[in-house]
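Here the sequence shown is numbered in this note's numbering, starting from 838 and rising by one per residue. Glycine included, every Cβ here is placed at the ideal spot set by N, Cα and C. Since the model is a prediction, treat every value here as computed from it, not as a measurement.
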Amino acid sequence: MFCTASAGVYAKKEKRIIYTKKSLDFSKKNMFPIIKFDEDSLIYIHSINMYISTVTLPRSVVEKRGHSETLFSLYLSGNDNCPKEAEESMGYNEIFEKYHHEGIVSNIIKQAYSGKKYTSIDYFFNEDIPLKVKKGSCIFSVLDGSDFSNKKYKMAQKIKIKYRYAEKNSKVKKISLVGLGGEFVVSSNNYRTPTLNAYSVIPVSKNGKLHPGWLLNLYGNVSATTESDEKYRSKPEGNWQISHYIMVYTKNSCQKAFPNHQGSLFFWNDKTGTFSQKNPSSAFWSTSLLLQKVSLSSYGNSSVVASIPSPSKEKFLKIEEGDCIVDAIVPSGDRFDKAPINTEPQFSIEVLER
């Protein structure tokens, strides 16, 4: 399990995790060590390849419904501790108190029906990501999932990490990975009357997590899932689409779009358009530069997950103090029921800091 790679030479670590649990909620999370380190050092992560899946049982013998959700996250412990295989924790605060971890990447899977759902995400970093590791620390995975019905719920993760130790006296570039995520409930019944757009926003600031520099790439995935029938009298029907516009707001448009916003990750809402009225979202302003668009669409009850394609190299750009990176979530559809849609982005921004 301990890392034995030589300085400057890439090594690969592969691990397959399969874990089945019964639960009614997210109160218990399970941790799995991936790479343990036997000395204080600096490593560089070159790539992460991840295949994740869940298997959800039907809630009864007469229906195929089976809501479930799992967040798969990779962390680096910041002290000389490392979790045991399948170690259980009651919350992220408890994990942090024990391991002082920092996040690397996170991905999401949700289901609206029973059966198996899977996706794969590849992180081929444009610049190797530097991480300071301590003797006894490790990179570990957290599986945070539930089917909310106390049936056997299977979560699986196949992960491959390519990394190297830093060579002595090598110059360290200021490369960072900054996460942008959130969870939103939006409505697609805006054919006749407006509903709400949603925004997940992280400002560019030398005093924040996302520093001025050059945006090198985007990685991750997004999901959209209809809410359970049990909460609504009528079965949700009709076409729906949830579009995620991943953007850079430039030229002080961040302050204009989100007046008096805070300096760290925040969330926002404003009104959508309708079938006959254009959506007035700030995502469509001329000062909002599109990095990538991911649209999730279906009919009635469904759950859709998609990876975020990397932008073309022509779109790599300089990000300045006062800019912000935005995931603008725009719902649309011809549904007339009030059943909402749960959508969740989980992606990482690779930045070369100035």
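Where Ala949 falls: helix, strand or coil (DSSP): strand
Opening and closing residue of the beta strand (DSSP E) in which Lys1093 lies: That residue, Lys1093, is in no beta strand (DSSP E); its alpha helix (DSSP H) goes 1090 to 1094.
7 Å Cβ shell around Gly940 - same chain, five flanking residues per side excluded: Ser910, Tyr912, Gly1016
Burial state of Arg1029, where buried means 16 or more other Cβ atoms lie within 10 Å: exposed
Check whether Leu1133 and Val1038 have beta carbons under 9 Å apart: No, Cβ-Cβ distance for Leu1133 and Val1038 is not below 9 Å.
Three-state secondary structure (DSSP) of Phe933: helix
Own chain residues within Cβ distance below 7 Å of Asn916, not counting five before or after: Tyr936, His937, Lys971, Ser974
Strand pairing of Ser890, partner residues [DSSP]: The partner list for Ser890 (beta bridge, DSSP) reads Tyr955, Ala993.
Bridge partner(s) assigned by DSSP for Asn1106: According to DSSP, Asn1106 bridges with Ala1035.
Simplified DSSP assignment, three categories, for Phe1121: In the three-state reduction of the DSSP assignment, Phe1121 falls in the helix class.
For Lys995, the nearest candidate out of Phe977, Asp984, Trp1077, Leu1128 (CA to CA): Phe977
Burial state of Val898, where buried means 16 or more other Cβ atoms lie within 10 Å: exposed
Short Cβ contact (9 Å threshold) for Gly903 with Ser986: yes
Enclosing beta strand (DSSP E) for Ser1144 [first to last residue]: 1140 to 1144
Boundaries of the beta strand (DSSP E) in which Thr1111 is found, first to last residue: Taken as a continuous stretch (DSSP letters only), Thr1111 belongs to no beta strand (DSSP E), as it is neither H nor E.
Sequence-distant residues of the same chain with beta carbon closer than 6 Å to Arg1070, five excluded per side: With a pLDDT of 46 at Arg1070, under the threshold of 50, the modelled position of that residue is not reliable, and no figure is offered here.
Assigned exposure category for Ser1007 - 16 Cβ within 10 Å defines buried: Exposed.
Which residues DSSP lists as bridging Val1163, in chain order: Val1038, Met1084
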